[in-house]
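Under this note's numbering, think of the first position of the sequence shown as 1091, with each following residue one higher.
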Amino acid sequence: MENDNFEEKLKKIDEILNELNGKDINLQDSVNIYKKGIKLLKESRKILEDIKLEVEYINKDEE
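What follows is the structure in structure tokens.
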């Protein structure tokens, strides 16, 4: 999961949301799936933060 790009992570998050909305899932499976989703969200936020810093750095160099 950690080597996935941002778009792949978003796709997996969407799949997790669909899975959690399914009716045939037990509580423990729900918790495990939720944990995977939270991990993907944290990784996605990190990617966005890194890109934001990179863009700010590029813009700073342009001034």
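Idealized CB from N, CA, C, for every residue including glycine.
- Query: What three-state label does DSSP hand Asp1199 in the structure shown?
  - Reply: Residue 1199 lies beyond the stretch modelled for the chain, which goes from 1091 to 1153, so this question has no answer here.
- Item | Backbone secondary structure at Asn1122 - three-state DSSP | Asn1122 falls in the helix class under three-state DSSP.
- Spatial neighbours of Ile1123 in its chain, beta-carbon cut-off 8 Å, leaving aside the 5 residues before and after: So the qualifying residues of the chain are Ile1106, Glu1109, Leu1110, Ile1115.
- Message: Measuring only the C-alpha atoms, how far is Asn1095 from Asp1140?
- Response: For Asn1095 and Asp1140, the distance between alpha carbons rounds to 13 Å.
- Taking Asn1108 as part of the alpha helix (DSSP H), name the residues at either end of that continuous run. Start and end: 1096-1110.
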